[in-house]
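Taken in sequence, the protein lines are chains A, B, C, D and E. Just so we're aligned: the first sequence equals residues 0 to 222 in numbering that gives the first Met the number 0. Just so we're aligned: the second sequence equals residues 0 to 222 in numbering that gives the first Met the number 0. Just so we're aligned: the third sequence equals residues 0 to 222 in numbering that gives the first Met the number 0. Just so we're aligned: the fourth sequence equals residues 0 to 222 in numbering that gives the first Met the number 0. Just so we're aligned: the fifth sequence equals residues 0 to 222 in numbering that gives the first Met the number 0. Even glycine gets a Cβ: it sits at the ideal position worked out from N, Cα and C.
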Amino acid sequence: MKYTFIKLDPAWRRLEAHVRLDHKREFAAACADFADGHLLRAFSTVGTRGDTDLMLLTQARNLGRIHELHVVLAQSGIMKWASVPYSYLAMTKPSEYSDESRLEVRPAHAKYLFVYPFVKTRAWYALDAKERWRIMQEHIKLGREYPDIDLNTSYSFGLDDQEFVVAFETDDPASFLDLVQRLRTTESSLYTLRDTPTFTCISASVERALTALDGEPIAAEVV
Amino acid sequence: MKYTFIKLDPAWRRLEAHVRLDHKREFAAACADFADGHLLRAFSTVGTRGDTDLMLLTQARNLGRIHELHVVLAQSGIMKWASVPYSYLAMTKPSEYSDESRLEVRPAHAKYLFVYPFVKTRAWYALDAKERWRIMQEHIKLGREYPDIDLNTSYSFGLDDQEFVVAFETDDPASFLDLVQRLRTTESSLYTLRDTPTFTCISASVERALTALDGEPIAAEVV
Amino acid sequence: MKYTFIKLDPAWRRLEAHVRLDHKREFAAACADFADGHLLRAFSTVGTRGDTDLMLLTQARNLGRIHELHVVLAQSGIMKWASVPYSYLAMTKPSEYSDESRLEVRPAHAKYLFVYPFVKTRAWYALDAKERWRIMQEHIKLGREYPDIDLNTSYSFGLDDQEFVVAFETDDPASFLDLVQRLRTTESSLYTLRDTPTFTCISASVERALTALDGEPIAAEVV
Amino acid sequence: MKYTFIKLDPAWRRLEAHVRLDHKREFAAACADFADGHLLRAFSTVGTRGDTDLMLLTQARNLGRIHELHVVLAQSGIMKWASVPYSYLAMTKPSEYSDESRLEVRPAHAKYLFVYPFVKTRAWYALDAKERWRIMQEHIKLGREYPDIDLNTSYSFGLDDQEFVVAFETDDPASFLDLVQRLRTTESSLYTLRDTPTFTCISASVERALTALDGEPIAAEVV
Amino acid sequence: MKYTFIKLDPAWRRLEAHVRLDHKREFAAACADFADGHLLRAFSTVGTRGDTDLMLLTQARNLGRIHELHVVLAQSGIMKWASVPYSYLAMTKPSEYSDESRLEVRPAHAKYLFVYPFVKTRAWYALDAKERWRIMQEHIKLGREYPDIDLNTSYSFGLDDQEFVVAFETDDPASFLDLVQRLRTTESSLYTLRDTPTFTCISASVERALTALDGEPIAAEVV
Numbered sequence: 000m001k002y003t004f005i006k007l008d009p010a011w012r013r014l015e016a017h018v019r020l021d022h023k024r025e026f027a028a029a030c031a032d033f034a035d036g037h038l039l040r041a042f043s044t045v046g047t048r049g050d051t052d053l054m055l056l057t058q059a060r061n062l063g064r065i066h067e068l069h070v071v072l073a074q075s076g077i078m079k080w081a082s083v084p085y086s087y088l089a090m091t092k093p094s095e096y097s098d099e100s101r102l103e104v105r106p107a108h109a110k111y112l113f114v115y116p117f118v119k120t121r122a123w124y125a126l127d128a129k130e131r132w133r134i135m136q137e138h139i140k141l142g143r144e145y146p147d148i149d150l151n152t153s154y155s156f157g158l159d160d161q162e163f164v165v166a167f168e169t170d171d172p173a174s175f176l177d178l179v180q181r182l183r184t185t186e187s188s189l190y191t192l193r194d195t196p197t198f199t200c201i202s203a204s205v206e207r208a209l210t211a212l213d214g215e216p217i218a219a220e221v222v
Numbered sequence: 000m001k002y003t004f005i006k007l008d009p010a011w012r013r014l015e016a017h018v019r020l021d022h023k024r025e026f027a028a029a030c031a032d033f034a035d036g037h038l039l040r041a042f043s044t045v046g047t048r049g050d051t052d053l054m055l056l057t058q059a060r061n062l063g064r065i066h067e068l069h070v071v072l073a074q075s076g077i078m079k080w081a082s083v084p085y086s087y088l089a090m091t092k093p094s095e096y097s098d099e100s101r102l103e104v105r106p107a108h109a110k111y112l113f114v115y116p117f118v119k120t121r122a123w124y125a126l127d128a129k130e131r132w133r134i135m136q137e138h139i140k141l142g143r144e145y146p147d148i149d150l151n152t153s154y155s156f157g158l159d160d161q162e163f164v165v166a167f168e169t170d171d172p173a174s175f176l177d178l179v180q181r182l183r184t185t186e187s188s189l190y191t192l193r194d195t196p197t198f199t200c201i202s203a204s205v206e207r208a209l210t211a212l213d214g215e216p217i218a219a220e221v222v
Numbered sequence: 000m001k002y003t004f005i006k007l008d009p010a011w012r013r014l015e016a017h018v019r020l021d022h023k024r025e026f027a028a029a030c031a032d033f034a035d036g037h038l039l040r041a042f043s044t045v046g047t048r049g050d051t052d053l054m055l056l057t058q059a060r061n062l063g064r065i066h067e068l069h070v071v072l073a074q075s076g077i078m079k080w081a082s083v084p085y086s087y088l089a090m091t092k093p094s095e096y097s098d099e100s101r102l103e104v105r106p107a108h109a110k111y112l113f114v115y116p117f118v119k120t121r122a123w124y125a126l127d128a129k130e131r132w133r134i135m136q137e138h139i140k141l142g143r144e145y146p147d148i149d150l151n152t153s154y155s156f157g158l159d160d161q162e163f164v165v166a167f168e169t170d171d172p173a174s175f176l177d178l179v180q181r182l183r184t185t186e187s188s189l190y191t192l193r194d195t196p197t198f199t200c201i202s203a204s205v206e207r208a209l210t211a212l213d214g215e216p217i218a219a220e221v222v
Numbered sequence: 000m001k002y003t004f005i006k007l008d009p010a011w012r013r014l015e016a017h018v019r020l021d022h023k024r025e026f027a028a029a030c031a032d033f034a035d036g037h038l039l040r041a042f043s044t045v046g047t048r049g050d051t052d053l054m055l056l057t058q059a060r061n062l063g064r065i066h067e068l069h070v071v072l073a074q075s076g077i078m079k080w081a082s083v084p085y086s087y088l089a090m091t092k093p094s095e096y097s098d099e100s101r102l103e104v105r106p107a108h109a110k111y112l113f114v115y116p117f118v119k120t121r122a123w124y125a126l127d128a129k130e131r132w133r134i135m136q137e138h139i140k141l142g143r144e145y146p147d148i149d150l151n152t153s154y155s156f157g158l159d160d161q162e163f164v165v166a167f168e169t170d171d172p173a174s175f176l177d178l179v180q181r182l183r184t185t186e187s188s189l190y191t192l193r194d195t196p197t198f199t200c201i202s203a204s205v206e207r208a209l210t211a212l213d214g215e216p217i218a219a220e221v222v
Numbered sequence: 000m001k002y003t004f005i006k007l008d009p010a011w012r013r014l015e016a017h018v019r020l021d022h023k024r025e026f027a028a029a030c031a032d033f034a035d036g037h038l039l040r041a042f043s044t045v046g047t048r049g050d051t052d053l054m055l056l057t058q059a060r061n062l063g064r065i066h067e068l069h070v071v072l073a074q075s076g077i078m079k080w081a082s083v084p085y086s087y088l089a090m091t092k093p094s095e096y097s098d099e100s101r102l103e104v105r106p107a108h109a110k111y112l113f114v115y116p117f118v119k120t121r122a123w124y125a126l127d128a129k130e131r132w133r134i135m136q137e138h139i140k141l142g143r144e145y146p147d148i149d150l151n152t153s154y155s156f157g158l159d160d161q162e163f164v165v166a167f168e169t170d171d172p173a174s175f176l177d178l179v180q181r182l183r184t185t186e187s188s189l190y191t192l193r194d195t196p197t198f199t200c201i202s203a204s205v206e207r208a209l210t211a212l213d214g215e216p217i218a219a220e221v222v
């Protein structure tokens, strides 16, 4: 499971329109190839963040396949003018605290995905397993009051800088804001070491997410 | 609600005057289009900060509209030579501690806007609601001693890296400085985890804020 | 009151000498204009810091005048090749702890200015005013043992990231080093949250501070 | 022992294919020269990190030889377009806690290497040696439950920013993730000050790691 | 006393060999001029760090002379393509804890210099002077077990971001590593707030340190 955040060099937008169009087609082609057999979702962060423009969420059983996608993407014109300011590698696994967790991210079904890397304090891990289980139930119970907000937690221990990557999906930002504010007063919140950066990601097709980069229309046959 | 801080690449000021003028017109046009139906305010930070030149404060009921504005802005010459070093996404909602809070930012009425992202300690959220309410009353009471300073608090839980975006508006920086120094000695201040960066923003029309970037006159028909 | 630290792009020194001379003249002219009626002092940090070359200290009763100076400076060739890695905005006001404090920075009278932004812990502000007064007296008394070291403290609460900007002025760095080391053992030192970055600034005329950037002689008529 | 993480400037991928091929050949030649008599292993981080593309792990008895390799690498076209965002210098030495530790990194034998710099809290060093030994036994015992995961710890005290560089080698990321998550609940984990950044490195020949940079085939005679 | 760490822009290595040779000669000439009457030592960090290539250690009784050297260096071709990622300004003074300390850095006599900026916790300074003296004796005694490791401590209070700059000199990195690891268990170690970045610097003539930048031979007459 991989969250790849991409930021275009502003100089890219100074290239001629037809060059940019080629660049976007190359990028979209690499995505289409991977999406044939794997989950790939695109999101725009134009207007929600200043340090990233586009996010790709990809999933494969084999890390080699994720690597391969990024090798191919790097050959696209887009990546010849872009950096990757944030990158989160993670794996799915069953939760110790709930059996409602999903191992697969569903194909796009909501307007927004809210993503953040997550690290708990070491004091959390010093609690015994039952105590952690008890504390998590309050957290989970509060989440259930918001049935329209979907949660996907993946695991990064030893693989990347964070312990978890948390992704909430919903059509309703105000309701999600409300949930997160209420979660602050739960006991489990005292054991959070880091939950930033926090990304508001707007669900889009790959093509629309690319078009959002420069407002140029992408040719119909690609869409 | 979106605070977008923009920093021009110094190389932009090496372009010819007529090119820069076009760039500013494109940017102003995108703003004018959005401002027709939404709140949009511009501020200059030239001389108050070293890492940002210009701030746009925008508000829309629909996040999609904020996204759209930034897609269009990105096509202006200005954004082809600029970065966004700070970006704060937030929503308005009623305060739990006061019913004087405003859900709408008023159109420009004061010379300065002082803005900072705000995060409270987790110890704050572990207090019970009554205790938090009690502590906030001292804070609010002190604020009321400065009736010429207007406060707008918006909420970012789960949407962006901060919990709140706080914006004070006044004509009198010395009086605001005095208020903030006095707030340090209130009990609520002990629960502040982060209140920086702190921005002194000078209220301006979009055109004047753009002119401040390079001192070139903007054509009369745009203003 | 404004401390503006400027770093030249190394590429600027690759420009031809006459171009650089023009750039320096433009910058010096903007300074001269402001200095006619306001305090403006220049300092070189070449050799004392790696991240900044030049510092301008300016003072005006009106923030608009500081803004205007920076708009004009931005049009000089120097600022078309420079960044502002540090920027501190502050105001003067009477001290609660001493009535010896000065509201005006004196025109240049010593060789070195030592500057740092300063933030106290929130525990400091939780002390009652008398206790804070008592603790500050030890600090002030120690300072009085160094009569050749001049202190200027300005206030940034709510205006910028720091709470204070502290500036010491002296001809004798060894004696200042000694004072700061001794201040570490005072009670007030326990309440320091941040006192870096710390800048050793070498007093100079604007022209000499500019000449230090590239070692090219500045034309006599400008000096 | 040296871990050198390399990030290519995106502009490099805009060069013509034959130029990039020459650059890769120069880099590979420098590696081949060093590998004749010393351990040198290459890893790709394309797709696992956003801030680095390639990692070289090298070992020599003499630091001068490591220095010399990097001087020669710097002359390759690759390094004329690259930066080194992470660099870890370390030495091997016997462990105080286990006599199973290896002084030599084995030549490549697994698909993945997981690397992180490691710093313990000062509280750890304040424990007496027996207590530290006791605590480490739990850590070591848990590691033994994963016999297919190979650990190499090297020492950086005084040589570089971290205290240790820890490298785990395995074919099975899920099993490693499980081990690291379980290690969080051990007593020794309470004494971790820093264990990031954490790198997932994909084992490769130098040539394949270079090919992953731009997807261009490297000529057969070099491989 | 000044430690200046220099990083070349990778683009510099893309210049033609004769241009680079001129750049190195200009830099070496500035160094030679200063070294006539002052201590100047050069070190290479190629292969030991990723963020710096070259370090100059200079000493003069007068800060003005250090400033002047850096003005002249800035005119060399090297500095037109370089940045100074780390810069430490300090002064020598007698130690309160030992009378073995040296006020002068000796001319080069060992292969490696290990350098780091150092800040102690405020709790250290709250101890009374006798207690600090007692704690330092254990530290000093351990150091004496390594007679081949030479220590030079200089003072930066109020002059720069750190309190001390610590430099150890030895031919034997393994023995130094051993000393630093053992020092972690001393009481004084509990009062360390910051001791990074830590630099392994390879002693070299100015010419050899410059040659290490691009592997081009420097003309015999300069050496």
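If you check each beta-carbon in the stretch 105-127 of chain B against every beta-carbon of chain A, the ones closer than 7 Å belong to R121, Y124 and A125. Taking every protein chain shown into account, the CB of A81 (chain E) has 16 or more other CB atoms within 10 angstroms, so this residue is buried. Taking 4 residues as the shortest admissible run, the stretch 114-168 of chain A contains the following complete alpha helix (DSSP H) segments, listed from N- to C-terminal end: 121-125 and 128-143. Contact check for V164 (chain E) and C30 (chain E): beta-carbon distance about 20 Å, past the 8 Å limit, so the pair fails to qualify. The beta carbon of S97 (chain B) does not come within 9 Å of any beta carbon belonging to chain A, so the residue lies off that interface. For a cut-off of 8 Å, the C-beta gap from L39 (chain B) to L55 (chain B) is around 7 Å, short enough to register as a contact. Neighbourhood of I201 (chain E) in chain D, by CB distance below 8 Å: L62, G63 and H66, in chain order. Under the 10 Å beta carbon count, R24 (chain B) is surrounded by 16 or more other beta carbons and is classified as buried. Non-local C-beta neighbours of M0 (chain C) in its own chain, meaning closer than 7 Å and more than five positions away in sequence, comprise Q58, A89, M90, T91 and S153, ordered along the chain.
With the criterion set as a beta carbon lying under 8 Å from some beta carbon of chain E, the members of the stretch 70-95 of chain D are V70, V71, A73, Q74, M78, K79, W80, A81, S82, V83, P84, Y85, S86, L88, M90 and K92, in sequence order. Cβ contact annotation for D21 (chain D) (same chain, cutoff 8 Å, sequence separation greater than five): G76, in chain order. Comparing alpha carbon positions, the residue from C:R181, C:G157 and C:A128 closest to R121 (chain E) is C:R181. Identification of residues in the stretch 169-185 of chain D having a C-beta nearer than 9 Å to some C-beta of chain E yields an empty set. Listed along chain B is no residue with a C-beta nearer than 8 Å to that of Y190 (chain C); the closest approach is about 12 Å. Annotation for R40 (chain B): the continuous beta strand (DSSP E) segment containing it runs L38 to S43. Partner residues in a beta bridge of T210 (chain A), as assigned by DSSP, do not exist. Per DSSP, reduced to three states, the secondary structure at Y2 (chain E) is strand.
In this structure K6 (chain B) is buried. Its beta-carbon is surrounded by 16 or more other beta-carbon atoms within 10 angstroms. The Cβ of L20 (chain C) sits no closer than 9 Å to any Cβ of chain E.
Within the same chain, Cβ atoms closer than 8 Å to the Cβ of A203 (chain D) are found at A41, F42, S43 and A211, the five residues on either side in sequence being excluded. With its beta carbon less than 9 Å from one in chain E, Y154 (chain D) belongs to the interface. Contact annotation: the stretch 167-179 of chain A does not touch the stretch 121-134 of chain A, with fewer than three C-beta pairs closer than 8 Å. In the DSSP annotation of this structure, the continuous segment of the beta strand (DSSP E) that includes L53 (chain C) starts and ends at L53 to Q58. Here E144 (chain A) is not near E186 (chain A), since their CB atoms are 9 Å or more apart.
Within 9 Å of the CB of K1 (chain E), the CB atoms of chain C belong to G46 and T47, in sequence order along the chain. Bridge partners of T191 (chain B) according to DSSP: B:K119.
L68 (chain A): member of the alpha helix (DSSP H) spanning L62 to A73, first to last residue.
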